[in-house]
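Residue numbers (this note's numbering): 81 to 398.
This is how it looks when you write it as structure tokens:
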């Protein structure tokens, strides 16, 4: 069961035992960093419980993967599986000004509640996945609390979050917490070789920088293929001639889209450095963040990248 999930043996064991015993909590929180398999596990969980071929109480094989329920869940068209996220919130927005918010509000939770108390239409279980749960407003958490206190039968709510400190204790006390650990370099390296056609050496290099996250690893693959992938190391490794910095800036600032792409690549590398040495890189991270906002506000790309690259390099001691 859960063979598609990389590592996470403890999490898979907890869920498998509950499924086999048919003693399934009405609510979970899957806790861990991005790229550790939380959403994939939640989707596979929904397939196991609603599979039309395999009986989850009698088999260890999990979902069949090819019945109508499994196929519809994979395609995102299963009527008894609801993903509560920013995309759904934007879909429910009545005005353009309500779209693009950075917190999940009470409206999308009330939408969920309306669905919670309806009977299942296709399967045995209704599954609701809230992601990212830590982005809910206080009002939304309070609204959700009422549902967690009186859950209907054959309904499971799965919250997906990074850190328990971002979720109220009142919520945590009413859900089963399942932790997802950072993946090992070996696990990520194997995945990258099988799914991204990387050489063993390149896969290990990327996996070592990924901080246990497949999502970060795949971003890093893009970064290493980008012409600005090594520029962060150049900027922060030694003092550079201003002419060389401005030449690279000119290359980055062909247009706003290219400049944003370059800064996004630099940001990924900068965050890795920051997590290793926050004191040294904090002001650089702030400068990168401001530069990205300036670009999004239609500032001149050349001015933005010139100033940013020169500033970062100026922070390096001779």
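Backbone N, C-alpha and C fix where the C-beta goes; we use that ideal spot for every residue, glycine too.
Taking 8 Å as the cut-off, decide whether the C-beta atoms of residue 212 and residue 241 are in contact. Numbered from 1 along the chain shown, position 132 holds the residue referred to as residue 212. Numbered from 1 along the chain shown, position 161 holds the residue referred to as residue 241. In this structure, residue 241 lies closer than 8 Å to residue 212 by Cβ.
Counting C-beta neighbours from all protein chains within 10 Å, is the total for residue 363 16 or more, i.e. buried, or is it exposed? Taking the chain shown and counting its residues from 1, the one referred to as residue 363 is at position 283. It is exposed - the Cβ of residue 363 has fewer than 16 other Cβ atoms within 10 Å.
Please classify residue 197 as buried or exposed, where buried requires at least 16 neighbouring CB atoms within 10 angstroms. The residue given as residue 197 occupies position 117 in the chain shown. With fewer than 16 Cβ atoms within 10 Å of its Cβ, residue 197 is classed as exposed.
Leaving out five residues on either side along the sequence, give the residues of the same chain with a beta carbon under 6 Å from the beta carbon of residue 185. In the chain shown, the residue the question calls residue 185 occupies position 105. Around residue 185: 217 and 220.
Looking at C-beta atoms only, is the number of pairs between the stretch 274-289 and the stretch 133-144 that lie closer than 8 Å three or more? no
Taking Cβ positions, are residue 257 and residue 333 nearer each other than 8 Å? On the chain shown, position 177 is the one that residue 257 refers to. On the chain shown, position 253 is the one that residue 333 refers to. For residue 257 and residue 333, no; Cβs fall outside 8 Å.
Opposite residue 110 in the DSSP bridges: which residues? In the chain shown, the residue the question calls residue 110 occupies position 30. Answer by DSSP bridge pairing, in chain order: 240 and 258.
In whole angstroms, give me the CA-to-CA distance for residue 194 and residue 105. Here residue 194 refers to the residue found at position 114 when the chain shown is read from its first residue. Here residue 105 refers to the residue found at position 25 when the chain shown is read from its first residue. Distance between the alpha carbons of residue 194 and residue 105: 21 Å.
Give the DSSP-derived three-state secondary structure of residue 139 in the structure shown. What you label residue 139 is simply residue 59 of the chain shown in a count that begins at 1. Coil at residue 139, not helix or strand.
Near residue 226, which residues of its chain fall below 6 Å by C-beta distance, leaving aside the five closest residues on each side in sequence? Position 146 of the chain shown, counting from 1, holds the residue named residue 226. There are no such residues.
Would a C-beta distance cut-off of 8 Å place residue 206 and residue 234 closer than the cut-off? Working through the chain shown from its first residue, we reach residue 206 at position 126. Working through the chain shown from its first residue, we reach residue 234 at position 154. Against a cut-off of 8 Å, the Cβ pair of residue 234 and residue 206 comes out as a contact.
In whole angstroms, what separates the C-alpha of residue 325 from that of residue 317? Along the chain shown, read from residue 1 onward, the residue named residue 325 stands at position 245. Along the chain shown, read from residue 1 onward, the residue named residue 317 stands at position 237. Distance between the alpha carbons of residue 325 and residue 317: 13 Å.
Go ahead and label residue 335 buried or exposed: buried means 16 or more other beta carbons lie within 10 angstroms of its beta carbon, across all protein chains shown. Taking the chain shown and counting its residues from 1, the one referred to as residue 335 is at position 255. It is exposed - the Cβ of residue 335 has fewer than 16 other Cβ atoms within 10 Å.
Assuming residue 129 and residue 204 form a contact by the criterion Cβ under 8 Å, report the distance between their Cβ atoms to the nearest whole angstrom. Here residue 129 is taken as the residue at index 49 of the chain shown, counted from 1. Here residue 204 is taken as the residue at index 124 of the chain shown, counted from 1. With 8 Å as the limit, residue 129 and residue 204 qualify as a contact, their Cβ atoms being about 6 Å apart.
Short check: CB of residue 163 to CB of residue 117, under 8 Å? Residue mapping note: residue 163 aligns to position 83 of the chain shown, counting from 1. Residue mapping note: residue 117 aligns to position 37 of the chain shown, counting from 1. No.
Taking residue 94 as the reference, which of 156, 232, 259 and 202 has the closest Cα? Counting from 1 along the chain shown, the entry for residue 94 is found at position 14. The residue with the shortest Cα to Cα distance from residue 94 is 259.
Apart from the five residues on each side of it in sequence, which residues of its chain come closer than 6 Å, Cβ to Cβ, to residue 152? Translated into positions along the chain shown, residue 152 becomes position 72. Closer than 6 Å at the Cβ level, and outside the excluded window around residue 152, lie 158.
For my contact list, residue 321 and residue 238 are in at a C-beta cut-off of 8 Å; report their separation, rounded to the angstrom. Taking the first residue of the chain shown as 1, we reach residue 321 at position 241. Taking the first residue of the chain shown as 1, we reach residue 238 at position 158. About 54 Å separates the two Cβ atoms, so there is no contact after all.
Residue 398 by DSSP, collapsed to three states: which one? Here residue 398 refers to the residue found at position 318 of the chain shown. Below a pLDDT of 50, predicted positions are generally treated as unreliable, and residue 398, at 49, falls in that range; no measurement from the model is reported.
List the residues that DSSP assigns as beta-bridge partners of residue 209. Within the chain shown, residue 209 is the residue found at index 129, counting from 1. Residue 209 is bridged to 163 and 238.
Look up residue 216 in the DSSP assignment and say whether it is helix, strand or coil. Walking along the chain shown from the start, residue 216 turns up at place 136. Strand at residue 216.
Closest Cα partner of residue 112 within the set 395, 91 and 99: The residue you call residue 112 lines up with position 32 of the chain shown. Closest by alpha carbon: 91.
State the Cα-Cα distance for the pair residue 192 and residue 224, rounded to the nearest angstrom. Taking the first residue of the chain shown as position 1, residue 192 is located at position 112. Taking the first residue of the chain shown as position 1, residue 224 is located at position 144. Whole-angstrom Cα-Cα distance: 9 Å.
Less than 8 Å between the C-beta atoms of residue 127 and residue 101, yes or no? Here the question's residue 127 lines up with position 47 in the chain shown. Here the question's residue 101 lines up with position 21 in the chain shown. No. Outside cutoff.
C-alpha distance - residue 232 paired with residue 395, whole-angstrom precision: Here residue 232 refers to the residue found at position 152 of the chain shown. Here residue 395 refers to the residue found at position 315 of the chain shown. Taking the straight line joining both Cα atoms gives about 58 Å.
Where do the ends of the alpha helix (DSSP H) carrying residue 158 lie? On the chain shown, residue 158 is found 78 positions in, with the first residue counted as 1. Taken as a continuous stretch (DSSP letters only), residue 158 belongs to no alpha helix (DSSP H), as it is neither H nor E.
Give me the Cα-Cα distance between residue 381 and residue 389, rounded to the nearest whole angstrom. As a first step, residue 381 must be located in the chain shown, where it is residue number 301. As a first step, residue 389 must be located in the chain shown, where it is residue number 309. Rounded to the nearest angstrom, the two C-alpha atoms are 12 Å apart.
Give the range of the alpha helix (DSSP H) segment to which residue 190 is assigned. Locating residue 190 in the chain shown gives position 110, counting from the first residue. It spans 186-196 - the alpha helix (DSSP H) in which residue 190 sits, taken as one unbroken run.
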